[in-house]
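Here the structure comes first, spelled out in structure tokens, and everything after it is commentary.
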């Protein structure tokens, strides 16, 4: 059966990915800083992973046994809303590490297993990372870290093209989670079901693209 690695799977979008893929018979490796009752109740393998610890992230591949069909780099952080002093700037740097550098290092770490399956590397980004779409400003740390993630994943897509691996970034929508808030219009089930459909139909010509959960293309 196919295998998927999902980061940030203890709640929200990551938990819903784990729930849906597990229900469909996939072997699920779910990572989180700390597990949750909801995650423990699923029939999945739970692995601790702190994305702020880049050494652990870079070495994670040795913990994956056999071909890996799919990576979903979902875990992330908002960081400070405003960056007006050195302390906030340090928090901004931490957000860049967690949201951009760690997912890229993780993808590189598991790439040999992804190549065995000719699988897919998916990063959960955000429309807020689109420079073209930014008309309101604000949330500097989150926006810039997701913009950088998009660029890093585009590079990754070009690097892995010859091995038959597809890499893409997805916007999950404004989802009703702890990060998204109770006013968000999209339920996790709808977001994840949509993203799964997008992932399923991604082919070589789509590698390096930026797509919404509804399948539409998002401008950079």
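In my numbering, the protein residues as written are 1 to 220. Glycine residues also receive a C-beta, built at the ideal position from the N, C-alpha and C atoms. Only a predicted model underlies this, so the values are computations on that prediction, with no experimental measurement involved.
| Item | Value |
| --- | --- |
| Length of the line joining the Cα atoms of residue 104 and residue 149 | 8 Å |
| Nonlocal neighbours in the same chain, by C-beta distance under 7 Å from residue 56, ignoring five residues either side | 49, 50 |
| Simplified DSSP state of residue 55, which is helix, strand or coil | helix |
| Backbone secondary structure at residue 148 - three-state DSSP | helix |
| Span of the alpha helix (DSSP H) around residue 120 | That residue, residue 120, is in no alpha helix (DSSP H); its beta strand (DSSP E) goes 120 to 124. |
| 8 Å Cβ cutoff met for residue 202 and residue 168 | yes |
| Close-in-space but distant-in-sequence residues of the same chain around residue 42 (CB under 7 Å, 5 per side omitted) | 18, 19, 22 |
| Any chain B beta carbon closer than 8 Å to residue 24 | This model lacks chain B altogether; it includes just one protein chain. |
| 6 Å Cβ shell around residue 215 - same chain, five flanking residues per side excluded | 198 |
| Coil, strand or helix - residue 31 by DSSP | strand |
| Minimum length 3: unbroken beta strand (DSSP E) runs contained in the region 186 to 220 | 210 to 212 |
| Euclidean distance between Cα positions of residue 37 and residue 81 | 30 Å |
| Nearest-angstrom Cα separation, counted from residue 10 out to residue 159 | 31 Å |
| Residue 80 CB to nearest heavy atom of the ligand PLP below 7 Å | This structure does not include the ligand PLP; it has no bound ligands of any sort. |
| Beta-carbon proximity check, residue 83 vs residue 140, cutoff 8 Å | yes |
| Neighbour-count burial assignment, residue 143, 16 or more Cβ in a 10 Å radius | buried |
| Assigned secondary structure, residue 112 (DSSP; H/G/I helix, E/B strand, else coil) | helix |
| Residues near residue 99 in its chain [Cβ-Cβ closer than 7 Å; skip 5 each side] | 76, 77, 145, 146, 149 |
| Cut-off 7 Å between Cβ atoms - residues of its own chain near residue 107, not counting five sequence neighbours on either side | 71, 73, 121, 156 |
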